[in-house]
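Here the structure is laid out as structure tokens; the discussion comes afterwards.
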Amino acid sequence: MSEESIRLVTIGRIFRRRWRFLAVLAVAGGLVGYGASVVFPPTYTTSASVLLPGQWEERELLTQVDIATSSTVVDRVAATLRWKDVSDAELRDQVTASAADGNIIKISGTADTPQRAQQLSDQVAQQFVKFASRIAGGGTDSAAATESEALRKQVEEANRRITELADAADPGQTVEGVQARTELEKLSTSLEEAMTKLDEANPATNKAGMVVMGPAARPTGQAPPTRIQLIAAGTLLFLLLAVVGHLAAARMNRRLRTEPEITAALGAALLGTVEVPDGGRRGHRPEGGARRSRLRRLLGMDTRWDLPTPPRSDDEAARRIRYRRVCTRLRDQLPAPRRLLLVVPDGDEIARRAAGQLAAEAASDPLLRVVKVSVDRPIVPDRDSDSGALVVLSAGSWTAEELAGIAEACADGRHEVLGFVIADTVRARETRTAGPPPDDATLALAVRGPATGGSA
Numbered sequence: 305m306s307e308e309s310i311r312l313v314t315i316g317r318i319f320r321r322r323w324r325f326l327a328v329l330a331v332a333g334g335l336v337g338y339g340a341s342v343v344f345p346p347t348y349t350t351s352a353s354v355l356l357p358g359q360w361e362e363r364e365l366l367t368q369v370d371i372a373t374s375s376t377v378v379d380r381v382a383a384t385l386r387w388k389d390v391s392d393a394e395l396r397d398q399v400t401a402s403a404a405d406g407n408i409i410k411i412s413g414t415a416d417t418p419q420r421a422q423q424l425s426d427q428v429a430q431q432f433v434k435f436a437s438r439i440a441g442g443g444t445d446s447a448a449a450t451e452s453e454a455l456r457k458q459v460e461e462a463n464r465r466i467t468e469l470a471d472a473a474d475p476g477q478t479v480e481g482v483q484a485r486t487e488l489e490k491l492s493t494s495l496e497e498a499m500t501k502l503d504e505a506n507p508a509t510n511k512a513g514m515v516v517m518g519p520a521a522r523p524t525g526q527a528p529p530t531r532i533q534l535i536a537a538g539t540l541l542f543l544l545l546a547v548v549g550h551l552a553a554a555r556m557n558r559r560l561r562t563e564p565e566i567t568a569a570l571g572a573a574l575l576g577t578v579e580v581p582d583g584g585r586r587g588h589r590p591e592g593g594a595r596r597s598r599l600r601r602l603l604g605m606d607t608r609w610d611l612p613t614p615p616r617s618d619d620e621a622a623r624r625i626r627y628r629r630v631c632t633r634l635r636d637q638l639p640a641p642r643r644l645l646l647v648v649p650d651g652d653e654i655a656r657r658a659a660g661q662l663a664a665e666a667a668s669d670p671l672l673r674v675v676k677v678s679v680d681r682p683i684v685p686d687r688d689s690d691s692g693a694l695v696v697l698s699a700g701s702w703t704a705e706e707l708a709g710i711a712e713a714c715a716d717g718r719h720e721v722l723g724f725v726i727a728d729t730v731r732a733r734e735t736r737t738a739g740p741p742p743d744d745a746t747l748a749l750a751v752r753g754p755a756t757g758g759s760a
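Residue 645 in this note's numbering sits at position 341 of the sequence shown, and the numbers go up by one each step.
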């Protein structure tokens, strides 16, 4: 299976086992998004288009865009609108412009109401056209006027000469007549060139003829982000943070799961693995923190999500055989009288149930005494007539430091740790019931034993 498939399976497991908690976080994220929509009022945006006739280069269009959003234009708009609740700096932030295809400047205005957004866009477009026309006309008056006057005089002189030559030209086919007609053609060509230069001498006049292409449309919907978008964004953000938090916690988890790791932490060998049917933990109320435990069960936080789905269990008879196998190993390992301390980490409900079942199956041979030990401050009763200690725990619940602390507490109480038993959660089969197997029954389904054992 690829790494991507493993990630998808992990994320799917988070949603399956933590769906209540994720649903609560999604609602909380939606409420945060709703609160943000209340804090930040809705806005509306509309646009007005200004047509620039003539030929324009891209850099010239960008210059016009800067002019449309300049402080001079916006200040004129502010003086015209006279909005007392909006400053000039705020109004400048509410105006944007962009160059579109076809020499069109698109001016957008944003306001808290559709009416204001429409007024703002229209006023900016009008003030931009006025200001741009003023710049185009004022910057070329002197030079363009001088050149235009000289060209007009040239045209008038050319027209006068054409008239004189036309009057003096011989209508016949004489040499003088041909020369006169040739001269007239040259003068006509010069006149056309002069008129063309006259038209090209004042391009700013053509470019200054900007046109506002109608009033801005009144917006019918809010500008993004809308309230719905904020609520959706808050919901998705909280869900994403929850999933990332679960994955980060799983990556940073230092709880031991494998047999070699637990063996190294306790300094003892595995004596067997027993099974505990799933579902019994819900009926048990841990000591202390009842309200917190109830809340955890309500949110689905009382079960581990990062462990695989428990396998389906064998019948009750097979489960009891696994417990009896552990008791048999203890009898073979301990001399008579066999008295043993069952050490269970406090808070490990699976191990507590397994220890109780193990003590019940052992009866009085060996005599097992269950003791719960806090992993924060582990204290084990001093040795009396006990032959040693047996640690019962569930895999993936405790770190190496916590298990090493339990082993040290057993050593302080002069108890030798003879081994440990791992309790696994399984899904019970309720359709099949069986009585207790006879003492001389063949152990066909053996419990998993230590690494040096056989098919336990």
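Note that CB positions come from ideal geometry on N, CA and C, so glycine has one too.
Nearest to A520 by alpha carbon, out of S412, N463, R635? Against the sequence shown, residue 520 aligns to sequence position 216. Closest by alpha carbon: S412.
Next item on the list: At 3 residues or longer, and completely inside the region 356-438: list those beta strand (DSSP E) runs for me, N to C.
Entry: 399-404, 408-415
Expected contact under 8 Å - CB spacing of V677 and P649 to nearest Å:
Numbered from 1 along the sequence shown, position 373 holds the residue referred to as residue 677. Numbered from 1 along the sequence shown, position 345 holds the residue referred to as residue 649. Confirmed, about 6 Å.
*Pick from R595, T349, R596 that is closest to P418, judged by C-alpha positions*: By 1-based counting over the sequence shown, the position of residue 418 is 114. If we check each option's Cα against that of P418, T349 comes out closest.
- Message: Assuming contact is defined by CB atoms lying nearer than 8 Å, are F724 and A572 in contact in what I supplied?
- Response: If you number the sequence shown from 1, residue 724 lands on position 420. If you number the sequence shown from 1, residue 572 lands on position 268. Yes; because the gap between Cβ atoms is below 8 Å, this pair is in contact.
**Message:** Using CA atoms only, rank isn't needed, just tell me which of A655, E565, I532, A658 is closest to V336.
**Reply:** In the sequence shown, counting from the first residue as 1, residue 336 sits at position 32. Checking every option, the nearest Cα to that of V336 belongs to I532.
### Environment of G406 [buried if 16+ CB atoms lie within 10 Å]
As a position in the sequence shown, residue 406 is number 102, starting the count at 1. It is exposed - the Cβ of G406 has fewer than 16 other Cβ atoms within 10 Å.
- Message: Can you tell me whether P564 is helix, strand or coil according to DSSP?
- Response: In the sequence shown, residue 564 corresponds to position 260, counting from 1. In this structure, P564 counts as helix in the three-state DSSP scheme.
Exercise for review: With DSSP as the reference, label S353 as helix, strand or coil.
Suggested key: The residue given as residue 353 occupies position 49 in the sequence shown. Reduced to three states, the DSSP call for S353 is strand.
- Message: For a test of the three-state rule: what should DSSP assign to G518, helix, strand or coil?
- Response: Sequence index remark: in the sequence shown, residue 518 carries index 214 (1-based). The answer is coil: DSSP assigns G518 none of H, G, I, E or B.
Exercise for the section: Give me the Cα-Cα distance between R633 and L697, rounded to the nearest whole angstrom. Expected result: Position 329 of the sequence shown, counted from the first residue, corresponds to residue 633. Position 393 of the sequence shown, counted from the first residue, corresponds to residue 697. Their backbone Cα atoms lie some 18 Å apart in a straight line.
Burial state of P523 (16 or more Cβ within 10 Å) = Sequence index remark: in the sequence shown, residue 523 carries index 219 (1-based). Buried, by the Cβ-count rule.
As assigned by DSSP and simplified to three states, the class of A622
Indexing the sequence shown from 1 puts residue 622 at position 318. A622: helix per DSSP, three-state reduction.
Review point. Under three-state DSSP, which class holds D726?
Key: Taking the sequence shown and counting its residues from 1, one reaches residue 726 at position 422. Note that residue 726 corresponds to Ile in the displayed sequence, not to Asp. It is a strand residue.
Q.
Within 10 Å of its beta-carbon, does M514 have 16 or more other beta-carbons around it, so buried, or fewer, so exposed?
A. As a working mapping, residue 514 is identified with position 210 in the sequence shown. By the neighbour-count rule (16 or more Cβ atoms within 10 Å), M514 is buried.
task: Mind checking who L534 pairs with in its DSSP beta bridge?
output: The sequence position of residue 534 within the sequence shown is 230, counting from 1. Note: L534 sits in no beta bridge, so no partner.
Quiz prompt | Cβ pair P334, L543 closer than 8 Å | solution = Working through the sequence shown from its first residue, we reach residue 334 at position 30. Working through the sequence shown from its first residue, we reach residue 543 at position 239. At residue 334 the sequence reads Gly, which differs from the Pro that was named. No; because the gap between Cβ atoms is not below 8 Å, this pair is not in contact.
Just the C-alpha distance for A537 and T376, rounded to the nearest angstrom, thanks. Residue numbering aside, residue 537 sits at position 233 when the sequence shown is read from its first letter. Residue numbering aside, residue 376 sits at position 72 when the sequence shown is read from its first letter. Using only the alpha carbons, I get a separation of about 38 Å.
Discussion item. Please return the same chain residues whose Cβ sits closer than 8 Å to the Cβ of V675, not counting the five positions on each side in sequence.
Written reply: The residue given as residue 675 occupies position 371 in the sequence shown. Closer than 8 Å at the Cβ level, and outside the excluded window around V675, lie L645, L646, V647, V648, V684, P685.
- Just the Cα atoms here: how many angstroms apart are W609 and R363? Here residue 609 is taken as the residue at index 305 of the sequence shown, counted from 1. Here residue 363 is taken as the residue at index 59 of the sequence shown, counted from 1. So the alpha carbons of these two residues sit roughly 60 Å apart.
Report task. Quick one: give me the first and last residue of the alpha helix (DSSP H) that R673 is part of. Result -> For the purposes of this step, residue 673 is taken as residue 369 along the sequence shown, with counting starting at 1. No alpha helix (DSSP H) contains R673, which is instead part of the beta strand (DSSP E) from 671-677.
Can you tell me the Cα-Cα spacing of A727 and A330, whole angstroms? Translated into the one-based positions of the sequence shown, residue 727 becomes position 423. Translated into the one-based positions of the sequence shown, residue 330 becomes position 26. For A727 and A330, the distance between alpha carbons rounds to 35 Å.
Inset, instruction - Output the boundary residues of the alpha helix (DSSP H) element that contains L329. - result: For the purposes of this step, residue 329 is taken as the residue at position 25 of the sequence shown. Unbroken alpha helix (DSSP H) run through L329: 323-343.
Q: Give the C-beta separation of I408 and S353 to the nearest angstrom, bearing in mind that I take them to be a contact with Cβ-Cβ under 8 Å.
A: Locating residue 408 in the sequence shown gives position 104, where the first residue counts as 1. Locating residue 353 in the sequence shown gives position 49, where the first residue counts as 1. Confirmed, about 5 Å.
(message) If distances are taken between C-alpha atoms only, which option among E460, W387, T373, E468 comes closest to V428?
(response) Position 124 of the sequence shown, counted from the start, is the residue given in the question as residue 428. Among E460, W387, T373, E468, the Cα nearest to that of V428 is on T373.
Bridge-paired residues (DSSP) for L488: On the sequence shown, residue 488 is found 184 positions in, with the first residue counted as 1. Answer is none; L488 lacks a bridge partner.
Exercise for review: Tell me whether the beta-carbon of L366 lies closer than 8 Å to the beta-carbon of A401.
Suggested key: By 1-based counting over the sequence shown, the position of residue 366 is 62. By 1-based counting over the sequence shown, the position of residue 401 is 97. Going by C-beta atoms, L366 is not nearer than 8 Å to A401.
So is the beta-carbon of L644 under 7 Å away from any non-hydrogen atom of the ligand NAP? Of ligands this structure carries none, so the ligand NAP is not represented either.
From which residue to which residue does the beta strand (DSSP E) around A693 run?
-> Position 389 of the sequence shown holds residue 693. It spans 693-698 - the beta strand (DSSP E) in which A693 sits, taken as one unbroken run.
- Query: Does the region 375-393 come close enough to the region 312-332 that 3 or more CB-CB pairs lie under 8 Å?
  - Reply: no
Going by DSSP, which residues form a beta bridge with T539? Start at 1 with the first residue of the sequence shown, and residue 539 comes out as number 235. According to DSSP, which records beta bridges pairwise, T539 is partnered with nothing at all.
Alpha carbon of R311 to alpha carbon of L545, nearest angstrom:
Taking the first residue of the sequence shown as 1, we reach residue 311 at position 7. Taking the first residue of the sequence shown as 1, we reach residue 545 at position 241. Those two C-alpha atoms are separated by around 16 Å.
| Going by DSSP, what residues sit across from V630 in a beta bridge? | In the sequence shown, counting from the first residue as 1, residue 630 sits at position 326. Note: V630 sits in no beta bridge, so no partner.
| field | Other residues of its chain near L575: CB distance less than 6 Å, five sequence neighbours each side excluded | value | Counting from 1 along the sequence shown, the entry for residue 575 is found at position 271. Answer for L575: V630, R633, G723, V725, listed in chain order.
ask   = Assuming R628 contacts E665 under a Cβ cut-off of 8 Å, what Cβ separation, rounded to an integer in Å, is found between them?
value = Here residue 628 refers to the residue found at position 324 of the sequence shown. Here residue 665 refers to the residue found at position 361 of the sequence shown. Confirmed, about 6 Å.
Straight-line gap, P346 to R598 (C-alpha atoms, nearest Å): Start at 1 with the first residue of the sequence shown, and residue 346 comes out as number 42. Start at 1 with the first residue of the sequence shown, and residue 598 comes out as number 294. One C-alpha to the other measures close to 41 Å.
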